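Take a look at the structure set out below.
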Amino acid sequence: MLNLDLFAWWAISISGGIAFLVLVSVYLYSNSKSKRKESIKTSVDRGRLGKDFVFVWVLVGLLVFYIVSVSIGSAIIFAAGNITVEAILIIYLVKNRREKPEQKQRPRSPVR
Amino acid sequence: MPRHAFSSFQVLIRQFKNPIFIILIASAVVAGFFAEPEQSIAILTMIGLSAILGFYNEYKAEKIVQDLRQGVSFKAIATRDGKPSEVDSRLLVPGDLVSLYVGDIVPADIRIVESKDLQTDEATLTGESFPVEKTSDSLGLEHPTPQQLTNYLFMGTVVVNGSGKGVVVSTGKNTELGSISKSLTRPHPETEFQRGVKQYGTMLLTLTVALAVGIFALNAIIGRSLIDALLFSLAVAIGLVPELMPAIVTVSLSQGAGRMSKVRVIVKRLVSIEDFGNMDVLCTDKTGTLTAGKIVLNDYSSIDDEKDPGILSYSLLCNSAVVGDKVAGNPMDVAIWQYAIQKGLQGNVQPYKKVDEISFDYQRRMMSVVVAKDGEFTFITKGAPESVLSKCKYVEVARKEEPMDSSLNLSIHDKFFNLSHLGYRILAIAYKSVEKKNSYSREDESDLTLFGFLIFADPPKKDAHQAIDRLKEMGVDVKILTGDNELVARKICDDLGVPVKRIIAGSELTQLSSAEIKTAVEDATIFARVTPEQKLDLIKALKANGQVVGFMGDGVNDAPALYEADVGISVDTGVDVAKDAADIVLLEKDLLVLANGIGEGRKIFGNTMKYILMGTSSNFGNMFSAAVASVFLPFLPMLPMQILFMNLLYDVSNMTLPTDNVDEEYTKWPKRWDIGFVRKFTLFFGPFSSLYDFLTYGIMLFIFGAYIATPRAASLFQSGWFVESFWTEVLVIFVIRTRRIPFFSSHPGKWLTVLTLSCVAFGTIVPFTLLGDFLGFTALPVEYWVLLILMVATYLLLVDAGKVFFYKICKF
Chain Y
1 MLNLDLFAWW AISISGGIAF LVLVSVYLYS NSKSKRKESI KTSVDRGRLG
51 KDFVFVWVLV GLLVFYIVSV SIGSAIIFAA GNITVEAILI IYLVKNRREK
101 PEQKQRPRSP VR
Chain B
1 MPRHAFSSFQ VLIRQFKNPI FIILIASAVV AGFFAEPEQS IAILTMIGLS
51 AILGFYNEYK AEKIVQDLRQ GVSFKAIATR DGKPSEVDSR LLVPGDLVSL
101 YVGDIVPADI RIVESKDLQT DEATLTGESF PVEKTSDSLG LEHPTPQQLT
151 NYLFMGTVVV NGSGKGVVVS TGKNTELGSI SKSLTRPHPE TEFQRGVKQY
201 GTMLLTLTVA LAVGIFALNA IIGRSLIDAL LFSLAVAIGL VPELMPAIVT
251 VSLSQGAGRM SKVRVIVKRL VSIEDFGNMD VLCTDKTGTL TAGKIVLNDY
301 SSIDDEKDPG ILSYSLLCNS AVVGDKVAGN PMDVAIWQYA IQKGLQGNVQ
351 PYKKVDEISF DYQRRMMSVV VAKDGEFTFI TKGAPESVLS KCKYVEVARK
401 EEPMDSSLNL SIHDKFFNLS HLGYRILAIA YKSVEKKNSY SREDESDLTL
451 FGFLIFADPP KKDAHQAIDR LKEMGVDVKI LTGDNELVAR KICDDLGVPV
501 KRIIAGSELT QLSSAEIKTA VEDATIFARV TPEQKLDLIK ALKANGQVVG
551 FMGDGVNDAP ALYEADVGIS VDTGVDVAKD AADIVLLEKD LLVLANGIGE
601 GRKIFGNTMK YILMGTSSNF GNMFSAAVAS VFLPFLPMLP MQILFMNLLY
651 DVSNMTLPTD NVDEEYTKWP KRWDIGFVRK FTLFFGPFSS LYDFLTYGIM
701 LFIFGAYIAT PRAASLFQSG WFVESFWTEV LVIFVIRTRR IPFFSSHPGK
751 WLTVLTLSCV AFGTIVPFTL LGDFLGFTAL PVEYWVLLIL MVATYLLLVD
801 AGKVFFYKIC KF
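Protein sequences, first through last, are from chains Y and B. Counting from 1, one number per residue, gives the positions in the first sequence under this note's numbering. Counting from 1, one number per residue, gives the positions in the second sequence under this note's numbering.
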């Protein structure tokens, strides 16, 4: 049995958290793109955009799953869902494996 | 010389002029009054230890500076009222007439009025590696550099040949040396790392104050008691403060300094280590640092490039060095002997007997001897090529005497010119057969046969080339700032494989504006004939351009630049003032230790950044979610005492961070303190932690039924959230500590793993113990632990996935 006021507060908090994270991601992404555009003119590739934001889609999916499983109040659904998400994340990480990421360029000096 | 005044009280106060210290002291006071006195004592102890360590290091350095600044004190022979007498050099006044002889240290800046074969060693003041000839001739220059003032003697330089008299022009702080010492009396400039820590402290102070005030106000508005609201907001504030930061930094730096001392690199100022690692430009003096600062005979040959041993034998015979247990005298004559001894050729001169000698003087710029062997007499002359050449009528080519015609003369001049332009010093050697006489004179220095020439150099240190290559690989640009001339500097660059983009002379620099210097300093590789002030200006210009600048030097003339650079490096053979002004002293001649030191600095920086990124992401996320929860929950999400306990445990888990491994690729390039990056990291990774906190709230409230406002439900909620937030906060170090994907492909340090997992284990069992009861925790159901493990695993994987995105768009 849910305490609806408290549940609404909770749902707003967790959704707010994810919305904030998505906004930060979009801000950082567009910020880095605009910086890069200063030196290289590139067109935005929609496919690439979707790929770059994979973890954002995972987050949104997680949000829906968490709200649903908590609202049902089922520990089993929650556990099963988590295991699925972990499997997805492991596949994602293996695909993006970077054991010794090489920094090709020397970092730019921030002016004092 | 001015006394370097400093007060120990000022040094002590300086330790507390740091926003993090201010936050810590405020937190300790507040915690002592309202919350946990133990926490207050712990914070104050850490502040005290860090302050004592900082005070000890700075006080010691200031004391050494003070002592060495008084180091130049000696006697001088001054003529006053027509009578020469020995006076303390500190009592000399302008107008005194001073006499100087071989071995004397010049006691003031002096205008020469009389000289005889006078030569001084100005290497420590100007960087000139060869002895400088001094005369009383007027020069007629408008803005001369010290190197151009051949009729001046400078305080602290050494007379290596001849004698002279001069009038004291300036003394003490008004001398060239004095002006250098004066520049060392100002406070040590902050390193880039110190500036970064301050920026971080200010950012944190703003966040903490904003969050604490916000939480207090919101809790007061929703009707929570003012004391509860205050205690909770203060606990959150304390939770945000990285109280361990000074200790982590100091421990990291001390351990790094310890490791560096094993490779004979002494760190005098701990804070310079991180800048040592982050240094992207190394400016270096030439003489005594890249080179041994010692003249050696590089080669000898006849005009047709034949290495005739006779040339060496004749130069050993026509030689003013005193040969005993040690070889002493004119540096070039000493170099000839050392070469012969090293090659085992000194015995070649044994059959000869010296009959007469016409000593060197600056009018002739040569010396001559007459030697006898088997009843035959040979007149040998050695000296400046142009002087010897003017006395030659013949030249030996292919072991045959040829008349010196104009084309031969021209080609010989070309040869000397080319060698001089390669940075070598040349002496010519000539001879003729003579009849036996009672004595010989300068008039006999004629109709000579040019035999060959001797090539001298101040060669690079053995490992200098390799060291420069390593620095290049590590992303460190090398620039040479020398008092020596551009030809010699270019030769060294060629020898060391340093590509020369542009050479700027000191005289050219004086014509440039500050803005032009800032551009020039980036373009040029060599700055030749530069004064100590110009070296200082160049370092300042590079720093203003945003570079982390290292400077390596060993002479008095290098001291201001050593002091100004983010990291000043001196060598064991450097003068005391240079070693004193430096942050780091290389005890080994091996320059390769530089690269090791840089690697060490990068590791320390890497581990410090891990602590900062941890504190500003997971820790911040936790405190932020506590603040949000306090608004909508009918009880506090965690009691102040529980927050402080978690904070303490978190600090303990971080204690071994300085010993952690740093990925090899992280140390490949210099890193920079970029507060913008820290902000982005906080904004991006902080919410991950908050998300999982919110999720735990949901589980505790709606799966385990802790939504009812009873003490039992509140305790269950608080216990559940304590364990989850502690696990996520501590375990995320294994993900954040590396950029590798997946995170477990980078191996954490042994002690970090042991301590972190021990702390997690301790935090896990606390709710089941008496301590847990005391703190207000309650035992958690088994199902919760299953969900917790799954949830934390998802969290860590999600943060790792976040890294893929974040490091693609945020470079650091």
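C-beta atoms are modelled at their ideal positions from N, C-alpha and C, and glycine is treated no differently. Being a predicted model, the structure only gives us computed values, none of them experimental.
How many angstroms separate the CA atom of residue i from the CA atom of residue j?
i	j	result
V159(B)	E274(B)	41 Å
G162(B)	M609(B)	59 Å
A713(B)	A779(B)	12 Å
K668(B)	M474(B)	6 Å
G555(B)	S570(B)	9 Å
V678(B)	Q148(B)	50 Å
T250(B)	Y200(B)	16 Å
V102(B)	T289(B)	26 Å
T150(B)	G324(B)	33 Å
K326(B)	R602(B)	44 Å
I341(B)	L487(B)	29 Å
E190(B)	V197(B)	11 Å
L211(B)	V498(B)	53 Å
G776(B)	Q642(B)	8 Å
Which residue from the options puts its Cα closest to that of residue i?
i	options	result
K393(B)	L450(B), K286(B), G555(B), D361(B)	L450(B)
A217(B)	V628(B), I809(B), P781(B), G574(B)	V628(B)
K354(B)	G383(B), G329(B), L316(B)	L316(B)
Y438(B)	I643(B), A372(B), P532(B)	Before going on, a small fix: residue 438(B) reads as Asn here, not Tyr. If we check each option's Cα against that of N438(B), A372(B) comes out closest.
V530(B)	D558(B), A544(B), L448(B)	D558(B)
S441(B)	F379(B), L410(B), D469(B), H421(B)	F379(B)
L408(B)	G574(B), L538(B), L389(B), E142(B)	L389(B)
R818(B)	K116(B), W673(B), S690(B), V760(B)	As displayed, chain B neither begins before 1 nor continues past 812, which places residue 818(B) out of reach and without an answer.
F702(B)	I91(Y), V26(Y), A75(Y), G17(Y)	A75(Y)
P403(B)	D444(B), T171(B), A515(B), L448(B)	L448(B)
L481(B)	K535(B), K436(B), A793(B)	K535(B)
Where do the N-terminal and C-terminal ends of the beta strand (DSSP E) with residue i fall, by residue?
i	result
Q119(B)	109-121
D477(B)	477-481
F551(B)	549-552
N557(B)	No beta strand (DSSP E) contains N557(B), which DSSP labels as neither H nor E.
I426(B)	425-434
Excluding the five sequence neighbours on either side, which residues of its own chain have a C-beta within less than 6 Å of the C-beta of residue i, listed in chain order?
i	result
P634(B)	A709
G383(B)	R365, M366
V548(B)	E192, D275, N278, M279, D280, D566
Y795(B)	Y692, T728
L100(B)	V159, G164
F453(B)	I426, A428
Would you give the residue range spanned by the alpha helix (DSSP H) that residue i belongs to?
i	result
N647(B)	640-653
S715(B)	711-731
L496(B)	486-496
N278(B)	272-278
Report all residues from its chain with a CB closer than 7 Å to the CB of residue i; omit the five preceding and five following residues, and keep chain order.
i	result
I77(Y)	S69
Y92(Y)	V54
Tell me which residues share the same chain as residue i and place their Cβ nearer than 8 Å to its Cβ, disregarding the 5 neighbours each side in the sequence.
i	result
E376(B)	S433
V822(B)	With chain B represented from 1 up to 812, any question about residue 822(B) goes unanswered, as that position is not in the structure.
T291(B)	S129, D458, P459, P460, K461, A464, I492
A398(B)	D304, E306
I67(Y)	A11, I14, S15
V98(B)	A76, I77, A78, T79, L92, P107, A108, I110, K165, G166, V167, V168
Item to check | Residues, ordered as in the chain, of the segment 2-21 of chain Y that lie near chain B by beta-carbon distance below 7 Å | outcome: L2, N3, L6, F7, W9, W10, S13, I14, G17, I18, F20, L21
Item to check | Residues of the segment 73-94 of chain Y with Cβ closer than 7 Å to any Cβ of chain B, in chain order | outcome: G73, A75, F78, A79, N82, I83, V85, E86, L89, I90, Y92, L93
Item to check | Chain-ordered residues of the segment 789-811 of chain B with a beta carbon less than 8 Å from chain Y | outcome: L790, M791, A793, T794, L797, L798, D800, A801, G802, V804, F805, F806, Y807, K808, I809, C810, K811
Checklist entry - Looking at chain Y, which residues of the segment 762-784 of chain B have a Cβ within less than 7 Å of any of its Cβ atoms? => result E783
Next on the checklist: Tell me which residues of the segment 678-690 of chain B have at least one Cβ-Cβ distance to chain Y shorter than 8 Å, keeping chain order.
Outcome noted: K680, L683, F684, P687, F688, S690
Item to check | Selection of the segment 220-239 of chain B by Cβ proximity to chain Y, strictly under 9 Å | outcome: none
Next on the checklist: Residues of the segment 731-748 of chain B in Cβ contact with chain Y at a cutoff of 7 Å, in chain order, please.
Outcome noted: R739, R740, I741, P742, S745
Next on the checklist: Along the segment 51-68 of chain Y, where does the CB come closer than 9 Å to a CB of chain B? Name the residues.
Outcome noted: D52, F53, V54, F55, V56, V58, L59, L62, L63, Y66, I67
Next on the checklist: Using a Cβ-Cβ cutoff of 9 Å, what residues of the segment 687-715 of chain B are near chain Y? List them in chain order.
Outcome noted: P687, F688, S690, L691, D693, F694, L695, Y697, G698, I699, L701, F702, I703, F704, G705, Y707, I708
Checklist entry - Taking Cβ-Cβ distances below 9 Å as the criterion, which residues of the segment 539-557 of chain B are in contact with chain Y? => result K543, A544, N545, G546, Q547, V548
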